[in-house]
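Asker:
Numbering (the UniProt record's numbering), first residue to last: 1 to 263.
#1: Could you give the DSSP three-state label for residue 41: helix, strand or coil?
#2: Which same chain residues end up closer than 7 Å to residue 191 when comparing Cβ atoms and leaving out the 5 residues on each side of it in sequence?
#3: Counting C-beta neighbours from all protein chains within 10 Å, is the total for residue 165 16 or more, i.e. buried, or is it exposed?
#4: Please state the DSSP three-state secondary structure of residue 208.
#5: Taking DSSP as the reference, what is the three-state secondary structure of residue 86?
#6: Is it buried or exposed for residue 22, if we count other Cβ within 10 angstroms and need 16 for buried?
#7: By the DSSP assignment, the alpha helix (DSSP H) with residue 158 in it spans what residues?
#8: Is the beta carbon of residue 37 closer than 9 Å to that of residue 88?
#9: Buried or exposed: residue 248, going by 16 or more other Cβ atoms within 10 Å of its Cβ?
#10: Can you tell me which residues form a DSSP beta bridge with residue 216?
#11: Looking only at its chain, what residues have a beta carbon closer than 7 Å to the beta carbon of residue 24, apart from the 5 residues adjacent to it on each side?
#12: Just confirm the distance between the C-beta atoms of residue 135 and residue 90, as a whole number of angstroms; I'd bet it's less than 8 Å.
#13: Would you grab the beta carbon distance between residue 214 and residue 74 for me? Rounded to a whole angstrom, and I think it's under 8 Å.
#14: Return the first residue and the last residue of the beta strand (DSSP E) that residue 114 is part of.
#15: Give the secondary structure of residue 65 by DSSP, where H, G and I count as helix, E and B as strand, and everything else as coil.
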């Protein structure tokens, strides 16, 4: 793991690169005072919405973050880092993770108690796992295409047990376009997984309370709610070509809906 730096309360392991992102309050241009903790302008600081003390959890999070995600001011991982103890949340930045460069990470990935939160046909629901185990939960942070790229480029991830969550609520992260109506941000996915693995339903609302505040602040200052790509496609609002995987998923969804309506 490359160089170690602190960001918002969790151990952050820097690898490479930065990325710019449009934000209503651009921290590089805005001359307003910034919160030292969340690095947001004071007027839109979400720190007061965090739990008074970090929530003690038995799960340890390992977030493999695409380097382009780091400079997005509306990213959700800093909220997650501030919701749990430092030792329970580690962020490793990069695209490729080789044993020689990340020996500590490789040790974690070799543990039988390590899970990869990555939806797919071969992923099991986290609710089916035993609850008396302290799991290592690996998440891929970035856009969906960036997350797929990280998975594709790292064979060390393909041998992990894949798990997924079945969200019973729509994402609160309405200021960033999601591919599907059921898609969750990294923060929400982690919160839902922990709530299920540890049978602590309160965790989800506690962790996502600052996210709700972040989105509300942005909407109050001119941002607009983003509909998912799936919503736009189904309502004739999407004009770009669709990948075969997307077409297949939509066809499967329609078939499921037709099956339900016929019973």
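Just so it is clear, CB atoms sit at the ideal spot from N, CA and C, and this is done for glycine as well.
Being a predicted model, the structure only gives us computed values, none of them experimental.
Answerer: Judging by the given coordinates:
#1: Counting from 1 along the chain shown, the entry for residue 41 is found at position 41. For residue 41, the three-state secondary structure derived from DSSP is strand.
#2: Walking along the chain shown from the start, residue 191 turns up at place 191. Excluding positions up to five away in sequence, the list reads 203, 204, 207 and 208.
#3: Position 165 of the chain shown holds residue 165. Label assigned to residue 165: buried.
#4: Position 208 of the chain shown, counted from the first residue, corresponds to residue 208. Assigned with DSSP and collapsed to three states, residue 208 falls in helix.
#5: Counting from 1 along the chain shown, the entry for residue 86 is found at position 86. If DSSP states are grouped into helix, strand and coil, residue 86 belongs with the helices.
#6: One-based indexing of the chain shown puts residue 22 at position 22. Unreliable positioning characterises residue 22 in this predicted model, as indicated by a pLDDT of 41, which lies under 50. The coordinate reading is nonetheless provided below. For residue 22, the number of other beta carbons within 10 angstroms of its own is below 16, and it is reported as exposed.
#7: Taking the first residue of the chain shown as position 1, residue 158 is located at position 158. Taken as a continuous stretch (DSSP letters only), the alpha helix (DSSP H) holding residue 158 covers 155 to 158.
#8: Reading the chain shown from its first residue, position 88 is the one you call residue 88. Reading the chain shown from its first residue, position 37 is the one you call residue 37. The beta carbons of residue 88 and residue 37 sit no closer together than 9 Å.
#9: Counted from its first residue, the chain shown places residue 248 at position 248. By the Cβ neighbour-count rule, residue 248 is exposed, with fewer than 16 other Cβ atoms within 10 Å of its own.
#10: Within the chain shown, numbered from 1, the residue matching residue 216 stands at position 216. None, per the DSSP bridge assignment.
#11: Taking the first residue of the chain shown as 1, we reach residue 24 at position 24. Since pLDDT at residue 24 reaches only 47, below the 50 mark, its modelled position is unreliable, and no value is offered.
#12: What you label residue 135 is simply residue 135 of the chain shown in a count that begins at 1. What you label residue 90 is simply residue 90 of the chain shown in a count that begins at 1. The pair is not a contact, with the Cβ atoms about 14 Å apart (cut-off 8 Å).
#13: Counting from one through the chain shown, the residue named residue 214 turns up at place 214. Counting from one through the chain shown, the residue named residue 74 turns up at place 74. Between residue 74 and residue 214 the Cβ distance is about 7 Å, and since that is below 8 Å, they are a contact.
#14: Residue numbering aside, residue 114 sits at position 114 when the chain shown is read from its first letter. 114 to 117 is the span of the beta strand (DSSP E), which, as asked, contains residue 114.
#15: Residue mapping note: residue 65 aligns to position 65 of the chain shown, counting from 1. Of the three classes helix, strand and coil, the one that applies to residue 65 here is strand, per DSSP.
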